[in-house]
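Peer 1: I have a structure I would like to understand better, so I am pasting it below and will then ask my questions one at a time.
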Amino acid sequence: STSATPLAFDHIYNKAPSLPGAVLYGDLTSPGFPALHATLKSLADDDRLVYVLRYKPAAHASGSPLILSGYGVELMLKSTEYKVIDDRGLKGRSNASSGIAEGSFDHSSGEDDAAGDDEPREPDDHADETTQESSTDSLDMLFEDGEPSIQSLTADEIREISLKTAHLVLSSREPLSVLARLGQDFPKLAHMIAKTTTSPRVRAGLRKNLLTLATAGQNRLFMNNIELPVDGLDIFSLFRRLRDEARLVDSILGLSLSVPEALRLLAVPPGSFGADLGWGEAFDVRNEQVVWWNDLENDARYRSWPRSLRDILRPMYPGQLRYIRKNLFNLLFALDLTSLQHLDVLNQVFAFLDRDVPLRFGLMPLISGGGDDS
């Protein structure tokens, strides 16, 4: 009948109010549903009735809910806006009033107050009291002198802002707290940072880093002289790295060293304990405990390869290995033969050996201290 209350999910054919109605609760898996649906639809098309189709689940369907995959979207808006301000009328501002040092931070200039200091260093515990007191006064002025607000900066102040921000962090007693505060409210604190001064030592150290470690527009992260990958670094992997470094410090403390001595030992650049051979990332893997699986110079399977080192100069596709009968490139694996994951690595190595890849593969067996099975 037409007295049935229409529902939002109804499929209605022929909505004429004067015609009688028919409601079909249809099961798509039922064998009689197609014929009955076609009959009622044809009657509705001939203006003989109002046909309402309502789908219902199959009788043999399970009562467990169906889980659908989806995705979530989060919109985060920053409360502080970066306003575009015309600063052409501010070029006449006196640099002395803003506290900018006379010698600007120029990448190409090598003349500064710290000339002759070939190894720039960060401020340490042995810095003079005057520098420490001035750094503390600068931080107090930065965080306590008035309410932070967004103010316009001149071109000279913008050029010096990164240098002065780094100096504030390095010269503070709590660098992580200062870095977090500056990162949260940097637009409001920029005009206060521009009024601070920098020391020649920090200028020389940052200039050395820009010339040797990173170029303009490049980000690099180091922890105790170990470079961390910036791409793909999340907060969890960073915490794991911090815990590893903390455990390493604890192990060094077992050698009767103090905490400052352990930190200075971890911060020593690689190669400082011995002479620099100029090899780059090369290692001496000659050891009696190493088991070599192949020998490019003596094995018969490589007999057809050329022996002359002049073939290195032969043009090749970029990234392609040289098929020369010399042990130029050695790949050494330090594996635990009782670990299934390490055995899976061995299967991949054997696949490379079958393909005659021009690499010398070796194995350094490891012995874990997990139990007697090792």
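Going by my numbering, the sequence shown opens with residue 28, and the numbers climb by one from there.
Just so it is clear, CB atoms sit at the ideal spot from N, CA and C, and this is done for glycine as well.
#1: So H6 is in the alpha helix (DSSP H); what residue range does that whole segment cover?
#2: Could you check the C-alpha separation between H38 and S69 for me, to the nearest Å?
#3: Hey, out of R352, L358 and N374, whose CA is closest to R337's CA?
#4: Taking just the CA atoms, how far does F36 sit from R81?
#5: Using the DSSP secondary-structure output, state which residues sit across from P392 in a beta bridge.
#6: Where T224 and V286 are concerned, what is the direct C-alpha to C-alpha distance, given to the nearest angstrom?
#7: Give me the Cα-Cα distance between G126 and T181, rounded to the nearest whole angstrom.
#8: Whole-angstrom Cβ separation of L195 and I220, contact assumed at under 8 Å?
#9: Out of curiosity, what's the CA-to-CA distance linking H369 and P84?
#10: I need the boundaries of the beta strand (DSSP E) containing A49, first residue and last residue.
#11: Sort L233, S179 and P175 by Cα distance to R208 and report the nearest one.
#12: With a threshold of 16 other CB atoms inside 10 Å of the CB of G232, please say whether the residue is buried or exposed.
#13: Cα separation between T32 and H87?
#14: Where does S226 land, buried or exposed, given buried means 16+ other C-beta within 10 angstroms?
#15: Quick check on the DSSP output: what are the complete beta strand (DSSP E) runs of length 3 or more inside the region 177-209, in order along the chain?
#16: Using the three-state DSSP reduction, which class does Y78 fall into: helix, strand or coil?
#17: Taking L51 as the reference, give the member of V79, N374, R268 and L355 with the closest Cα.
#18: Just to confirm before moving on: does the CB-CB distance between L46 and L67 stay below 9 Å?
Peer 2: Considering the structure as presented:
#1: Any question about residue 6 goes unanswered here, given that the chain covers just 28 to 401.
#2: Rounded to the nearest whole angstrom, the CA to CA distance from H38 to S69 is 15 Å.
#3: The shortest Cα separation from R337 among R352, L358 and N374 belongs to R352.
#4: Approximately 7 Å between the Cα atoms of the pair.
#5: Per DSSP, L362.
#6: Just so you know, the alpha carbons of T224 and V286 end up roughly 31 Å apart.
#7: Unreliable positioning characterises G126 in this predicted model, as indicated by a pLDDT of 42, which lies under 50. The coordinate reading is nonetheless provided below. About 13 Å.
#8: I220 and L195 do touch by the CB rule: their CB atoms are close to 7 Å apart, below 8 Å.
#9: For H369 and P84, the distance between alpha carbons rounds to 51 Å.
#10: DSSP places A49 in the uninterrupted beta strand (DSSP E) bounded by G48 to G53.
#11: Comparing Cα-Cα distances from R208 to each of L233, S179 and P175, the minimum goes to P175.
#12: Taking all protein chains in view, the Cβ of G232 is crowded by 16 or more other Cβ atoms within 10 Å, so the residue is classified as buried.
#13: Looking at the two C-alpha atoms, the distance is approximately 28 Å.
#14: Of the residues assessed, S226 falls on the buried side of the cut-off, its CB having 16 or more other CB atoms within 10 angstroms.
#15: As far as the region 177-209 is concerned, it has no whole beta strand (DSSP E) run of at least 3 residues.
#16: DSSP places Y78 in the strand class (E or B) of the three-state scheme.
#17: It is V79.
#18: No.
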